[in-house]
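Counting in my numbering, the sequence shown runs from 11 upward without gaps.
Data first, discussion second: the structure below is written as structure tokens.
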Amino acid sequence: MPSLDFHRSRRDALRSLTNTPILLMGNKERARNIPMNHLPFRQDSSFLYFTGCSSPNAALLLTQDKELLFLPSPPKNDALWHGPTPSIQKQAEQLGFRHVADRNSLADHIKPLVKTIQTIAVPDLSINLDLESWLQRKFRFGTSHCGSPELINAICTLRRILEDEEIDILRQTMLTTHKAHVAAMKKTRPNAHEQDIAAAFYYELVKTGCSAAYQSIVTVDGHILHNHHYHNTLKSGQLLLLDGGAESPSGYSTDITRTWPVSGSFTSRQKRAYNAVLQAQDLAISMVTKGTRYRDIHFKACEHLASFLCDEKLLLGSEEEALETGAHALFFPHGVGHLLGLDVHDLENFGDVAAYAPGRARPEGFGSAYLRLDLDLSPGMVVTIEPGFYIVPEIFKNTDLIEKHRQRINWSTLKDWIGFGGIRIEDNILCTNKEPEILSSMIPKGTDDIEMLMNEQ
11 MPSLDFHRSR RDALRSLTNT PILLMGNKER ARNIPMNHLP FRQDSSFLYF TGCSSPNAAL
71 LLTQDKELLF LPSPPKNDAL WHGPTPSIQK QAEQLGFRHV ADRNSLADHI KPLVKTIQTI
131 AVPDLSINLD LESWLQRKFR FGTSHCGSPE LINAICTLRR ILEDEEIDIL RQTMLTTHKA
191 HVAAMKKTRP NAHEQDIAAA FYYELVKTGC SAAYQSIVTV DGHILHNHHY HNTLKSGQLL
251 LLDGGAESPS GYSTDITRTW PVSGSFTSRQ KRAYNAVLQA QDLAISMVTK GTRYRDIHFK
311 ACEHLASFLC DEKLLLGSEE EALETGAHAL FFPHGVGHLL GLDVHDLENF GDVAAYAPGR
371 ARPEGFGSAY LRLDLDLSPG MVVTIEPGFY IVPEIFKNTD LIEKHRQRIN WSTLKDWIGF
431 GGIRIEDNIL CTNKEPEILS SMIPKGTDDI EMLMNEQ
């Protein structure tokens with residue numbers, strides 16, 4: 011867990027970047043189906059970053075001379091159902107706050123500050139509706155109405171650069187992610203089920219006190235980029251793709267993808283494709299250095315994959331033509347990665363203002379339009395690098411795309427690849443003042459290492 015001094019220093023830094031009162035809201039618990047049956051609670055990441063408070067329905071009011079934490083007092087007879095709860099004074103003291111008030115008094119405290127206060131939207135709709143009522147402004151989570159621009163910029167400036175404490179937590183959390191991926195590889199065999207592999211993966215997370223940073227992708231249908239179903243029985247000759255990571259008890263996320271053969275051995279074709287993706291990833295990782303523009307890293311990976319596509323005769327013409335026309339994106343239809351921190355796609359709730367430098371906009375072409383990040387990298391940033399190669403039948407049924415690239419697709423070769431699935435290799439990379447640090451380097455990804463692990467007795 012980050013220290014109390016860490017959270018205090020983050021609040022001080024935030025106030026130094028703004029000149030007005032700041033209101034930060036935590037999430038409420040949300041019902042899964044009936045009011046008493048809640049979804050697992052997850053605190054809003056910005057609130058967690060500045061307070062360390064994981065209690066539902068909390069809030070924080072920051073002024074230049076005071077920090078006031080708002081916590082809900084437990085309802086009558088709450089101890090009967092949930093056990094004894096420390097007083098809000100004791101809870102605040104444990105979090106390093108000198109001043110605390112009951113959550114029900116929040117509206118009264120902010121009324122005198124309505125004209126100057128800055129705040130942000132959170133994932134909880136009911137809280138955003140409260141903000142709209144109190145402040146007479148629109149608050150829509152994950153849109154252009156997600157909060158005060160000055161405050162959003164200040165939060166992004168701080169959260170984009172991870173402090174040493176945060177990086178140490180990521181390193182520790184990665185050890186659990188490593189164990190989970192290895193357990194999943196060892197569990198894989200023909201006639202097993204995707205559910206078996208998912209269970210082995212999740213078991214390692216829970217055993218160490220972590221949770222899943224997001225719903226893991228565990229599938230032999232790797233060409234479906236965000237496939238969250240575990241419906242398939244595994245067959246020899248298939249590739250299994252697992253995109254999953256642990257989240258620490260303090261909220262920091264890891265995000266790792268590995269792809270391996272169900273049989274324990276890559277076929278010749280699978281190995282060629284896999285090594286092309288791995289080489290593209292190695293090139294991209296080497297570029298995670300101070301001052302490098304992230305978009306350039308994406309296109310470096312595209313260059314290598316375009317060369318592979320031409321070598322395999324999936325695309326006709328030259329590598330340069332494939333890149334110029336965007337034909338390579340038919341087989342690599344997403345960006346090469348994103349920021350990582352308290353959220354698996356860190357700061358994405360603030361939109362492109364968090365991930366694109368001023369004056370930069372998302373490309374419009376298919377594939378590159380999904381590039382989630384275009385900043386110049388700085389030491390302390392953690393990013394994912396996750397190139398892939400996919401045979402997605404639905405792409406080749408898209409008449410608009412196909413009309414543009416019809417003459418560049420080698421249809422006879424493509425027909426022979428249908429059913430291949432997909433390959434993605436993803437690691438978490440820390441930008442430093444020197445060489446990039448691969449935080450996930452211990453998780454096997456070379457073909458020999460994967461085959462050796464899967465065939466251990």
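All C-beta atoms, glycine included, are put in the ideal place defined by N, C-alpha and C.
Note that the structure is predicted; figures quoted are calculated from it, not measured.
PHE80 lies in the beta strand (DSSP E); which residues open and close that run?
The count along the sequence shown starts at 1 and reaches residue 80 at position 70. Where PHE80 is concerned, the enclosing beta strand (DSSP E) stretches over 76–81.
Spell out a yes or no on whether the segment 260–279 and the segment 346–360 are touching, meaning 3 or more CB-CB pairs, one atom from each, closer than 8 Å.
yes
Report yes if the C-beta distance between SER258 and LEU180 is below 9 Å; otherwise report no.
Position 248 of the sequence shown, counted from the first residue, corresponds to residue 258. Position 170 of the sequence shown, counted from the first residue, corresponds to residue 180. Their beta carbons are under 9 Å apart, which means SER258 touches LEU180 by this criterion.
Short of 6 Å in beta carbon distance, which residues of its chain neighbour ALA364, apart from the five on each side in sequence? Order them along the chain.
The count along the sequence shown starts at 1 and reaches residue 364 at position 354. Excluding positions up to five away in sequence, the list reads CYS166 and LEU357.
Would you say LEU349 reaches chain B, if we count a Cβ-Cβ gap shorter than 9 Å as a contact?
This model lacks chain B altogether, as it is built from one protein chain only.
According to DSSP, HIS203 sits in a beta bridge with which residue or residues?
Indexing the sequence shown from 1 puts residue 203 at position 193. For HIS203, which the question treats as bridged, DSSP gives the partners THR243.
In the DSSP assignment, find the beta strand (DSSP E) that holds MET35 and state where it starts and stops.
Walking along the sequence shown from the start, residue 35 turns up at place 25. 32–35 is the span of the beta strand (DSSP E), which, as asked, contains MET35.
CA nearest to the CA of ASP134, picked from PRO159, LEU49 and GLN182:
Translated into the one-based positions of the sequence shown, residue 134 becomes position 124. Considering only alpha carbons, the answer is LEU49.
What are the start and end residues of each continuous alpha helix (DSSP H) run of 4 or more residues lying completely inside the segment 397–450, in chain order?
409–415 and 421–427
Just the Cα atoms here: how many angstroms apart are TYR304 and ARG382?
On the sequence shown, position 294 is the one that residue 304 refers to. On the sequence shown, position 372 is the one that residue 382 refers to. Answer to the nearest angstrom: the Cα atoms are 10 Å apart.
Looking only at DSSP bridge pairs, what is HIS48 linked to?
Residue numbering aside, residue 48 sits at position 38 when the sequence shown is read from its first letter. In the DSSP output, where bridge partners are listed per residue, HIS48 has ALA41.
Considering just the uninterrupted stretch of the beta strand (DSSP E) at LEU71, what are its terminal residues?
Within the sequence shown, numbered from 1, the residue matching residue 71 stands at position 61. Note, LEU71: beta strand (DSSP E), 69–73.
Using DSSP's beta-bridge definition, name the partner residues of TRP270.
As a working mapping, residue 270 is identified with position 260 in the sequence shown. According to DSSP, which records beta bridges pairwise, TRP270 is partnered with LEU250.
How many angstroms separate the CA atom of ARG282 from the CA atom of ALA41?
Taking the sequence shown and counting its residues from 1, one reaches residue 282 at position 272. Taking the sequence shown and counting its residues from 1, one reaches residue 41 at position 31. Looking at the two C-alpha atoms, the distance is approximately 48 Å.
Which residues does DSSP pair with ILE395 in a beta bridge?
Start at 1 with the first residue of the sequence shown, and residue 395 comes out as number 385. Answer is ASP437.
Assuming GLY431 contacts GLN248 under a Cβ cut-off of 8 Å, what Cβ separation, rounded to an integer in Å, is found between them?
Within the sequence shown, residue 431 is the residue found at index 421, counting from 1. Within the sequence shown, residue 248 is the residue found at index 238, counting from 1. Contact holds; Cβ gap of about 7 Å.
In whole angstroms, what separates the C-alpha of ALA68 from that of ASP253?
Position 58 of the sequence shown, counted from the first residue, corresponds to residue 68. Position 243 of the sequence shown, counted from the first residue, corresponds to residue 253. About 32 Å.
Give every residue of the same chain whose Cβ lies closer than 6 Å to the Cβ of CYS441, excluding the five residues on either side of it in the sequence, and list them in chain order.
Counted from its first residue, the sequence shown places residue 441 at position 431. Cβ neighbours of CYS441 beyond the five flanking positions: VAL298, LEU387, PRO389 and MET391.
Considering only residues of the same chain and omitting the five flanking positions on each side of PRO397, which have a CB-CB separation below 6 Å?
Residue mapping note: residue 397 aligns to position 387 of the sequence shown, counting from 1. The answer, listed in chain order, is VAL287, ALA290, GLN291, ALA311 and VAL346.
Taking the alpha carbon of ASN29 as the reference point, which residue from GLU447, THR129 and ASP321 has its own alpha carbon closest?
On the sequence shown, residue 29 is found 19 positions in, with the first residue counted as 1. Per the Cα distances, THR129.
In the DSSP assignment, the alpha helix (DSSP H) including ALA111 goes from what residue to what residue?
Residue numbering aside, residue 111 sits at position 101 when the sequence shown is read from its first letter. Unbroken run through ALA111 is the beta strand (DSSP E), 109–112; no alpha helix (DSSP H).
Mind the definition here: the segment 209–217 touches the segment 175–192 only if three or more C-beta pairs lie below 8 Å; say whether that holds.
yes
Beta-carbon within less than 8 Å of ILE401's beta-carbon, same chain only, minus the 5 sequence neighbours each way: which residues are those?
One-based indexing of the sequence shown puts residue 401 at position 391. Same-chain partners within the cutoff: HIS233, PHE341, LEU424, TRP427, ILE428, GLY429, PHE430, GLY431 and GLY432.
Nearest to GLU404 (by Cα), restricted to the options THR73, HIS17, GLY219 and PRO343
Numbered from its first residue, the sequence shown carries residue 404 at position 394. The residue with the shortest Cα to Cα distance from GLU404 is PRO343.
Under the three-state reduction of DSSP, which class applies to ASP134: helix, strand or coil?
Position 124 of the sequence shown, counting from 1, holds the residue named residue 134. In the structure shown, ASP134 sits in coil (DSSP, three-state: anything other than H, G, I, E or B).
Could you spell out the range, first to last residue, of the beta strand (DSSP E) harbouring VAL228?
Taking the sequence shown and counting its residues from 1, the one referred to as residue 228 is at position 218. It spans 227–229 - the beta strand (DSSP E) in which VAL228 sits, taken as one unbroken run.
Tell me whether ASN114 is buried or exposed, calling it buried when 16 or more other Cβ atoms sit within 10 Å of its Cβ.
Here residue 114 refers to the residue found at position 104 of the sequence shown. The residue in question, ASN114, is exposed, as its Cβ has fewer than 16 Cβ neighbours within 10 Å.
What did DSSP end up calling SER221 once you bin it into helix, strand or coil?
Working through the sequence shown from its first residue, we reach residue 221 at position 211. If DSSP states are grouped into helix, strand and coil, SER221 belongs with the strands.
Beta strand (DSSP E) runs wholly inside the segment 157–209, at least 3 long, in chain order:
none
Based on DSSP bridge pairs, tell me the residues matched to TYR380.
Mapped onto the sequence shown, residue 380 falls at position 370. Answer by DSSP bridge pairing: none, since TYR380 is not bridged.
Just verifying my parser: in three-state terms, what is the DSSP assignment at ARG147?
Along the sequence shown, one-based indexing puts residue 147 at 137. Coil at ARG147, not helix or strand.
If we ignore side chains and look at the alpha-carbon of each, how far apart do SER317 and THR457 end up?
On the sequence shown, position 307 is the one that residue 317 refers to. On the sequence shown, position 447 is the one that residue 457 refers to. Going from the Cα of SER317 to the Cα of THR457 covers about 20 Å.
Report the CB separation of LEU24 from LEU168 in whole angstroms; it is logged as a contact under 8 Å.
Here residue 24 is taken as the residue at index 14 of the sequence shown, counted from 1. Here residue 168 is taken as the residue at index 158 of the sequence shown, counted from 1. At roughly 6 Å, the Cβ-Cβ gap stays under 8 Å, so LEU24 and LEU168 are in contact.
Candidates ASP362, ALA371, ALA337 and PHE360, of which the one nearest GLY377 by Cα
Within the sequence shown, the letter at position 367 stands for residue 377. Checked all of ASP362, ALA371, ALA337 and PHE360; the closest Cα to GLY377 is ALA337.
Rounded Cβ spacing between HIS109 and LEU79 (contact assumed at less than 8 Å)
Counted from its first residue, the sequence shown places residue 109 at position 99. Counted from its first residue, the sequence shown places residue 79 at position 69. Indeed they touch by this definition, with Cβ atoms about 7 Å apart.
Option nearest HIS471 by Cα separation, candidates PHE399, TYR366 and LEU449
Outside the displayed range of the chain (11 to 467) lies residue 471, so it cannot be described from this structure.
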